[in-house]
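Top to bottom, those sequences are chains A and B.
Quick note on numbering that gives the first Met the number 0: the first sequence kicks off at 0 and runs consecutively.
Quick note on numbering that gives the first Met the number 0: the second sequence kicks off at 0 and runs consecutively.
No residue lacks a Cβ here, since even glycine has one placed at the ideal position from N, Cα and C.
Notes follow the structure.
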Amino acid sequence: MIYREAGVYKSTYRADHAIFTIPQDRWSMIGIFAIAFLLIPAVGSEYWLGAIMLPFLILALAALGLNILTGYCGQLSLGTGGFMATGAFSAYKLATAFPDVHILFVILGAGLIAAAVGILFGIPSLRIKGFYLAVATLASQFFLIWMFITFGWFTNYSASGVISAPPMTIIGDIFVTGPQATLVAKYLFTLSIVVVMALVAKNLVRSNIGREWMAVRDMDIAAEIIGIPMLSTKLKAFAVSSFFCGVAGALWAFLYTGSVSPLAFGVDRSFQVLFMIIIGGLGSVMGAFLGAAFIVLLPILLNNLPTMLGLNIKTDMISHMEYMIFGALIVFFLIVEPHGLARLWSLLKEKLRLWPFPH
Amino acid sequence: MRIERDIIYIILGFIVLMVVVPWTAGQLSDQVFFNWPFFFEVAIGGLLSGVMYSLIALGFVLIFKASGVFNFSQGAIVLFAALTLVGLHGLGLPMWLAIVATMGVMFLLAVAIERLVLSKLVNQEPIILFMATIGIAYFLDGFGQTLWGSEVKVLNLGISEAPGFYFDGQILINDFDLFAAGIAAVMVVVLGIFFQYTRIGRALRAVADDHQAALSVGIPLKHIWIIVWTVAGLVGLVAGIMWGSKMGVQFALSLIALKALPVLILGGFTSVPGAIIGGLIIGAGEKLAEVFLAPMIGGGIEEWFAYMLALAFLAFRPQGLFGEKIIERV
């Protein structure tokens with residue numbers, strides 16, 4: 000009743016091509032933006048902003064990147080952590096080599112370097128497919144992390160192998176990295192980047208590039224036969240995906256943790272991001288956000304559950320239990336809804352279309 | 000099995016490369032020590048540790064062959080089996096009884112996985128099943144350690160770990176590694192006979208070839224999956240015993256799955272001999288590179304070298320050395 004396409008007349012091509020064609024969608028997006036940009040910074044506590052919203056946004060960005068590669072282009076990748084590390088370390092090198100450059104350009108540059116590395120490691124995808132490719136992408140994961148640990152050049156020869164973000168401002172003296180930065184500034188900065196990139200992603204996947212990716216995902220031979228160039232399409236997916244992951248890695252290192260070692264981007268991180276897109280929904284921009292929210296919140300919830308319930312369990316026991324419950328929930332979710340949370344969302348929309356009438 | 004000519008060329012090329020590269024490294028760099036007995040010592044040590052990788056990769060291959068599931072939980076199964084074995088042994092059961100009891104547990108685990116997970120995910124895309132096995136892996140990691148604790152446990156088989164000297168005392172070889180290689184060889188033969196000459200083995204091969212055709216001639220798919228997961232569990236148990244007595248039963252066991260993956264793609268997902276030969280190639284290549292190449296480029300290359308090596312092989316044969324040729328139709 001409330002939510003429906005009927006009665007929405009479009010008189011221009013512009014209106015027809017809008018991302019959100021239904022007024023309710025537009026209003027709810029404006030509502031979400033208002034909450035994210037105004038309400039959360041105003042009422043959110045330090046803990047919520049710093050420990051939940053920041054990792055959620057950054058990982059959602061990484062998940063978006065992986066979703067472009069895996070969900071839209073069908074190339075299963077386990078190298079997300081490596082590309083994030085590339086972003087983080089190139090941002091560090093850029094920021095220390097050119098201290099006067101604005102942070103936006105540093106992050107952009109880090110993304111571009113990650114994209115170049117992504118193209119390099121995407122080349123095998125032209126020949127190797129499916130799970131063979133998934134395992135092959137682990138090569139990039141392990142190689143990149145090893146490279147950042149082994150060669151001191153990447154960390155400017157710091158003894159601990161840890162990089163720390165230099166203090167940088169966005170305008171005037173509003174710091175977004177370093178000790179003077181406030182959480183609200185960090186949050187708003189991250190949020191703006193994530194929103195812009197999400198819009199870019201949404202538009203990319205509805206453009207001809209996105210349609211090419213989906214054709215390759217559905218059947219690459221058929222796609223090749225109808226004239227989609229395999230080389231450039233797959234490498235474009237790798238480049239865009241790595242760009243997103245690289246930006247996410249740079250944000251992670253500079254804004255979320257402030258200082259980071261290569262081990263923060265280990266193979267566990269890759270799996271974590273992969274979980275996000277599977278739980279959230281393959282081939283859906285919104286799914287990346289839903290999955291990231293789920294995967295970020297679940298461990299926090301599990302961690303606090305025993306204290307909330309007043310149970311007294313040893314800490315190592317809690318961490319084992321967490322593993323168990325996490326694994327079980329993953330399996331449970333896959334069984335209940337193999338197409339992810341985004342599918343539940345579209346089911347909900349179907350229902351809303353008819354509500355309150357059953358048929 | 001017909002061995003194609005290019006496989007032989009690739010393997011020969013690899014062997015030549017693996018001899019030439021260390022030799023040149025030894026000539027060029029003063030950081031690298033090279034003489035022939037030492038070379039063979041490293042190579043044989045690598046081959047033997049490769050056999051240990053094969054033990055893990057075998058479990059992957061069995062399940063992939065029979066159900067098309069890329070079973071990421073094999074590492075967790077190895078850990079779980081080893082933990083259960085040591086735990087039961089610690090409760091006072093004699094070793095042989097503990098082994099039998101653990102076999103029973105592996106069977107129950109297979110039944111549980113089939114009933115609770117696989118049967119609910121029939122006809123889903125491979126990536127969904129893959130994710131489900133990662134979920135199983137997390138669960139088993141947590142479950143095993145909740146049950147039996149997470150401290151490092153010792154598993155002693157009573158085999159000396161002292162190095163023995165062979166070939167006029169020139170070459171050092173670990174007796175334990177030799178024993179492990181022997182076990183792996185026995186396993187391969189047993190599995191080979193099981194697949195080739197028993198009724199169940201025939202059914203398994205039929206299922207591997209074509210699920211629907213197998214169903215239509217009356218092979219019960221459910222039972223087959225339980226059997227395969229049990230066999231993979233038993234292979235995991237053997238791997239767990241060998242690895243556990245080598246490095247102690249601990250959480251790190253679960254991570255050797257990551258060591259077995261390059262073996263798997265190099266040999267091919269669907270081939271038992273592939274898992275063995277892949278293991279040998281990866282094992283030897285990795286050790287030789289670590290000893291003769293790593294000093295020149297910074298050390299610690301064992302982590303990724305196996306993957307790069309596998310990648311190089313895949314460039315020539317995208318389905319792995321012995322995998323079934325991938326034929327795609329529109």
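C-alpha distance - residue i paired with residue j, whole-angstrom precision
i	j	result
residue 324(B)	residue 272(B)	15 Å
residue 56(B)	residue 65(B)	15 Å
residue 397(B)	residue 203(B)	Because chain B is modelled from 0 through 329, residue 397(B) falls outside the range shown and cannot be assessed.
residue 72(A)	residue 36(A)	32 Å
residue 347(A)	residue 197(A)	22 Å
residue 250(A)	residue 189(A)	7 Å
residue 300(B)	residue 27(A)	51 Å
residue 243(B)	residue 47(B)	16 Å
residue 193(B)	residue 187(B)	10 Å
residue 330(A)	residue 115(B)	9 Å
residue 254(A)	residue 260(B)	34 Å
residue 181(B)	residue 54(A)	49 Å
Identity of the residue in the options nearest residue i by Cα
i	options	result
residue 269(A)	69(A), 52(A), 283(A) and 221(A)	69(A)
residue 162(A)	291(A), 239(A) and 153(A)	153(A)
residue 304(B)	111(B), 280(B) and 321(B)	280(B)
residue 187(A)	335(A), 41(A) and 93(A)	41(A)
residue 174(B)	245(B), 220(B) and 231(B)	245(B)
residue 318(B)	231(A), 135(A), 342(A) and 217(A)	135(A)
residue 340(A)	2(A), 286(A), 145(A) and 56(A)	286(A)
residue 155(A)	192(A), 96(A) and 29(A)	96(A)
residue 58(B)	327(B), 299(B), 329(B) and 233(B)	233(B)
residue 77(A)	176(B), 95(B) and 129(B)	129(B)
residue 280(A)	11(A), 62(A) and 2(A)	62(A)
residue 76(B)	251(B), 215(B) and 196(B)	251(B)
residue 239(A)	150(A), 117(A) and 99(A)	117(A)
residue 283(A)	328(A), 342(A), 195(A) and 295(A)	342(A)
residue 124(B)	181(A), 257(A) and 333(A)	333(A)
residue 148(B)	354(A), 353(A) and 318(A)	318(A)
residue 44(B)	289(B), 115(B), 101(B) and 10(B)	289(B)
residue 298(B)	149(A), 99(A), 19(A) and 139(A)	149(A)
residue 302(B)	12(A), 88(A), 137(A) and 179(A)	137(A)
Opening and closing residue of the alpha helix (DSSP H) in which residue i lies
i	result
residue 128(B)	125 to 147
residue 27(B)	4 to 27
residue 34(B)	Element bounds for residue 34(B): n/a, residue is neither H nor E.
residue 280(B)	271 to 287
residue 344(A)	340 to 353
residue 244(A)	229 to 250
residue 223(A)	219 to 224
residue 314(B)	301 to 315
residue 271(A)	266 to 279
residue 179(A)	Where residue 179(A) is concerned, there is no enclosing alpha helix (DSSP H), given that its DSSP letter is neither H nor E.
residue 78(B)	73 to 89
residue 219(B)	No alpha helix (DSSP H) holds residue 219(B); DSSP gives it neither H nor E.
residue 211(B)	210 to 215
residue 302(A)	284 to 308
residue 100(B)	94 to 115
Residue span of the beta strand (DSSP E) that contains residue i, given as start and end
i	result
residue 125(A)	Run containing residue 125(A): none; DSSP gives neither H nor E here.
residue 173(B)	170 to 173
DSSP three-state assignment for residue i, whether helix, strand or coil
i	result
residue 152(B)	strand
residue 207(A)	helix
residue 0(B)	A caution first: residue 0(B) carries a pLDDT of 49, below 50, which makes its placement in the model unreliable, though a value can still be read off. Coil at residue 0(B), not helix or strand.
residue 189(B)	helix
residue 134(A)	helix
residue 329(B)	coil
residue 162(A)	strand
residue 157(A)	coil
residue 7(A)	coil
The ligand MG heavy atom lying under 7 Å from the CB of residue i
i	result
residue 171(B)	In the structure on display, the ligand MG does not appear, and there are no ligands present to speak of.
Is it true that the stretch 208 to 225 of chain A meets the stretch 39 to 53 of chain A, where meeting means three or more beta-carbon pairs spaced less than 8 Å apart? no
At least three beta-carbon pairs within less than 8 Å, the stretch 2 to 15 of chain B to the stretch 309 to 316 of chain A: no
Using 8 Å as the cut-off, can you tell me whether the stretch 66 to 84 of chain B makes contact with the stretch 219 to 239 of chain B, which would need three or more C-beta pairs spanning the two stretches below that distance? yes
Below 8 Å, can you find three or more Cβ-Cβ pairs linking the stretch 111 to 120 of chain A to the stretch 215 to 229 of chain A? no
For the pair the stretch 82 to 95 of chain B and the stretch 308 to 318 of chain B, tell me if three or more CB-CB distances fall below 8 Å. no
Does the count of Cβ pairs from the stretch 30 to 45 of chain B and the stretch 190 to 204 of chain B closer than 8 Å reach three? no
Touch check for the stretch 139 to 146 of chain B and the stretch 254 to 271 of chain B: three-plus C-beta pairs under 8 Å? no
The stretch 101 to 113 of chain B contacting the stretch 288 to 303 of chain A, beta-carbon criterion three pairs below 8 Å: no
The stretch 78 to 85 of chain A / the stretch 225 to 233 of chain A touching (three or more Cβ pairs under 8 Å): no
With three or more C-beta pairs closer than 8 Å as the rule, is the stretch 220 to 227 of chain B touching the stretch 11 to 18 of chain B? no
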